[in-house]
Structures are given as structure tokens and as C-alpha cells.
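Peer 1: Note that the working numbering has the sequence shown beginning at 234, numbered continuously upward.
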Amino acid sequence: MNDTWYDDTLINRFEQKEHLTNNQKCAVLIVGGGLAGLCLLYKLKKNNVDAVLIEENHIGSGASGRNGGFCLSGWAQDYDVLLKYLSEEEVLTLEQIAASGVHWMKKKCLSEGYEHTNFQSGVLKCFLTKNIEKVKKDVIAQNKLFDQNEEFINKEKLSKYVRSNRYTCGVLRQDSFQFHPLNFMHALAKDCSNLGASIFENSKFISYQIDGGRINSRVFNGHEMVKVQSEKIVFATGGYGGKEIKDLKNYWLPIKTFIGVTKPMGSELQSVLKKPLGFSDNRRAGNYYRVLPGNRLSWGRGISAVGNFNPSSLKKAISKEISYFFPELRNIEIDYVWSGNMAYASHYMPYVGSTKIENEQKNVFTLMGFGGHGMNTAPGSAMVLADFILGESRKHEIFNRFRRKWNGGLIGPYVAEMKYKYLQMQDYFDVA
């Protein structure tokens, strides 16, 4: 048994065609083989840009290949919060970027070469709140503002989708979907390779220096230190980046999230999950779950900024949560558990564009910070950054509207953990 259920069900693994050698030259060097980096690579190669991607481990080994497998529009930050800092026009621009990511991902999942992504349309957000009228009003407001078709589901109708006494209402999003993220990542890597892109796994980025109009990067290829020379460099390292992103390392935190997968079940699973949808709840660190091939239940839970991953404790916690919502499943065994790191900024929005805003470095970019909502925002943002690199648009500048905040340094993770505990307490008092 591998680390994750995704690893054990990976089909058509990407195999790199060549090894990284010394004095490699390219127009754009992309650091990070996650969804953001691969989407950027894909669009640049489609436009005949000589781009190279390096990945420290394997394609999809980070959060992009370890997540819950949900793709839905929106951002990690709520729109009502964004409207406090941005104009309605700016928020609409962000929604267009987010929605374009969903559309691009869906189109890919349904295209040739992506047959093993297990695409399944529809995600139902379930609410535990007492304030049902607010949920209904929010749906009406967002449908009007963004021209969406989200459907409010009352408690009676909700029972036709999911059987749990814990939920008070729901919001159905038919444009959203669930999929196998690791199979998608490897299919996309093959897509890029077929376009002529060079992808190098097991290649650890060490450092870079700017020399005139060129950027010289030091990379360890698993055997020796080599030099890669590029005109531009993009860091798309997600929650696994480190000191190499020196201009941003103090503005984000790696936050863990956790997933478990049960043993195969019988009809008891369909007795509580009556429709083949993806399900989530409205809490900041809530649960998200879906039925996997083989009639297993995938269960996502929680976020944490501190502590180590303990498989035994995590299995117990997941079993307890499943039992809380679905007593009928209280004796189900957990086969797999794993964690993954997401990059979170304090404003829950990504960093897209130059690493420095005030003293702009024109050729050094970041494409990261998609924690909690990356399967649409990463591709949407990657396309926007690609447009800028291609000289076609400056839409990425919308992300500069957010003021960068210090992550707290050594005490940052503990401050973040306290914030999550506070949010959990708020959730507790809001539960019906």
C-alpha cells in the first residue's frame, strides 16, 4: 500500500524523457511540478515559449496530487470579505479568473488523454448553521452578482441528497465537480511533454542570481549541481517552498490538511450519500467527502499549522467525525490517511506576479498561495500570469491590491493555530 489512495490508483504515470544537464538554457524556468506550475508550462508551450519545469520530487507529490479532489468556483476568501477591500468591478475580475479555472479544468478532464480522471459533476455544500435565511440571501446575492445558478436546498429536499440530522440546508453547485487529482496531474504533464516541454523530476532548486538580463539558477539533479540559465523564473512551489523564495517567505505559512479513505463498503454508504456528488460543509476547517471508485469514502478534515502527522490518531479522529454525521457508518475502518501542505497567506489569497511589488523585479515571479481552493484558482491564475509573460494582459495586477502581511516568524504557526481554534469556536456556537 502506498502513501495515498491516489498513489495506489495512479494510471499512466508521467515518465520524463531526459535528465537535467549542466548549462541548460530556456526563456522561462518554472520551479514546482504542481497544478499551478504545470498549467503555466502548458500555456507557455502552447504559445511557443521555451519553458522548462523542475520538480524536487515527482509530479503531483505536493498538495496538487494529495487533495480532496474538488474543483469549484470561488476563492478561499469569501466574497463578502473581498467586497470590503475591493470594488465590485475588481471582485468580478477575480470571479472571472476563478470561473475560468473551473472551465479549463472541466474541459481538460473531458478531453482525450484524461479518461482516468474520474470526472463527476456536482458539489453540494451542506450547512450546520442556525441562520438559514442568511444562506438563502447569500445565494440570491451571489447568483445576481456573478450570474451564477447556485441552488438553495432546504432541509426537506436536502434529505434526498444526503441523510444526516446535522445539516440544516445546502447549496448545490452543478458547475463544480470532483476528480482524481493525481491522475489529472500526470495526464497534464504528458500533455505538456507532447507539446515539447522539458519536465525534470528529482531536481531540487537551490538558489538563483541575476546577472544582467539573465537569471542563473543552481539546481541539484540528484547526482550533481547544475546551472540553468533563463530570462525569467517563476516559483510555483505551494506549501513546500522554502528559503529560495526569500522575498516572500515571511508572508505565508505552510498549513497542513488531512484526508482519510475508508475500506470498501456495501450499500450502507449509498443509504446516507444518496447522490454521486461531492459534499462539503460551511465551516472554515470543516469536512469534505465523496464516494470513490470501489465504494470507498474519502473524508477530508481540518487544518493545522503546528504538530506532526500521526496516522493512528488521525484514523481515530476521522472515524469519530464520520460517526458524528453518519451514525450508520460508525464501525467503518479507515484504510488510508495522509496529510499535505498548503501555502496560506493571512488574507487567504494567492501571490501572483512579481516577487517584489514596491521594487519590482521584472523577471522573477511567484505563483503560489492557493491553499484551500487551488484546483480552480491555480489554473485560472496561471493563465493570467502566462498572459502577462506573453505580453497580452496585465490582469494579474489585481492581486497586488492585497497588502502583504508578515506571517509572524517563529511564532506565526502558533498564532495561526490560535486563529483556527477561534474559528472553530465560532462554528461551534453557530451550529443549529
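Glycine is no exception: its CB is placed at the ideal position from the N, C-alpha and C atoms.
Give me the DSSP bridge partner(s) of A469.
Peer 2: A469 pairs with nothing; no bridge assigned.
Peer 1: Looking only at DSSP bridge pairs, what is E384 linked to?
Peer 2: For E384, which the question treats as bridged, DSSP gives the partners L405.
Peer 1: For L315, report the span of its beta strand (DSSP E) as first-last.
Peer 2: No beta strand (DSSP E) holds L315; the alpha helix (DSSP H) holding it covers 312-318.
Peer 1: Whole angstroms is fine: what's the gap from H291's alpha carbon to E434's?
Peer 2: The alpha-carbon atoms of H291 and E434 are separated by roughly 5 Å.
Peer 1: Following the continuous beta strand (DSSP E) through A284, name the residue where it begins and the one where it ends.
Peer 2: 284-287 is the span of the beta strand (DSSP E), which, as asked, contains A284.
Peer 1: Could you tell me how far apart the beta carbons of F412 and C272 are, in whole angstroms, since I believe they sit closer than 8 Å?
Peer 2: Their Cβ separation, rounded to whole angstroms, is 15 Å, which puts F412 and C272 out of contact at 8 Å.
Peer 1: What are the boundary residues of the alpha helix (DSSP H) that includes N427?
Peer 2: That run of the alpha helix (DSSP H) goes 414-427.
Peer 1: Would L623 pass as a contact of S463 if the rule is Cβ separation under 7 Å?
Peer 2: Cβ distance not < 7 Å, so L623 and S463 don't count as in contact.
Peer 1: Whole angstroms are fine: how far does the CA of T242 sit from the CA of R299?
Peer 2: If I take the Cα positions, the gap works out to 12 Å.
Peer 1: Taking all protein chains shown into account, decide if N609 is buried (16 or more other Cβ within 10 angstroms of its Cβ) or exposed.
Peer 2: Buried, since its Cβ has 16 or more Cβ neighbours within 10 Å.
Peer 1: Output needed for N596: all residues of its chain with C-beta closer than 6 Å, excluding positions within five of it in sequence on either side, in chain order.
Peer 2: Contacts found: K465.
Peer 1: Between the Cα of H329 and the Cα atoms of S500, G307, F352, K317, which residue gives the shortest distance?
Peer 2: According to the sequence provided, residue 329 is Gln. The question's His does not apply to it. It is G307 whose Cα lies nearest to the Cα of Q329.
Peer 1: Could you pull the DSSP bridge partners for L530 from this structure?
Peer 2: Paired residues: V524.
Peer 1: Classify S344 as buried or exposed, calling it buried when 16 or more other Cβ atoms lie within 10 Å of its own Cβ.
Peer 2: Exposed, because fewer than 16 other Cβ atoms sit within 10 Å of the Cβ of S344.
Peer 1: Rounded to whole angstroms, what's the CA-CA distance from N633 to K393? Just pull it up for me.
Peer 2: N633 and K393: Cα-Cα distance of roughly 44 Å.
Peer 1: Just list the residues that DSSP pairs Y577 with in beta bridges.
Peer 2: Beta-bridge pairing links Y577 to L486.
Peer 1: So, A293 versus L415, is the Cβ gap smaller than 7 Å?
Peer 2: Per the sequence shown, the amino acid found at residue 293 is Gly instead of Ala. Yes, these two residues count as a Cβ contact at 7 Å.
Peer 1: So, L656 versus R517, is the Cβ gap smaller than 7 Å?
Peer 2: Yes, these two residues count as a Cβ contact at 7 Å.
Peer 1: With L600 as the anchor, note down where its beta strand (DSSP E) starts and where it stops.
Peer 2: Its beta strand (DSSP E) spans residues 597-601.
Peer 1: Please check the pair K250 and S426, which I expect to be a contact at CB under 8 Å, by giving their CB distance rounded to whole angstroms.
Peer 2: Contact holds; Cβ gap of about 7 Å.
Peer 1: How many angstroms separate the CA atom of A284 from the CA atom of K507?
Peer 2: Each residue's Cα considered, the two are about 46 Å apart.
Peer 1: From I644 to W485, what does the alpha carbon distance come to, in whole angstroms?
Peer 2: Their Cα atoms are separated by approximately 13 Å.
Peer 1: Just checking, does the region 487-502 make contact with the region 520-529 on the three C-beta pairs under 8 Å criterion?
Peer 2: Because the criterion of three Cβ pairs below 8 Å is met, the region 487-502 and the region 520-529 touch.
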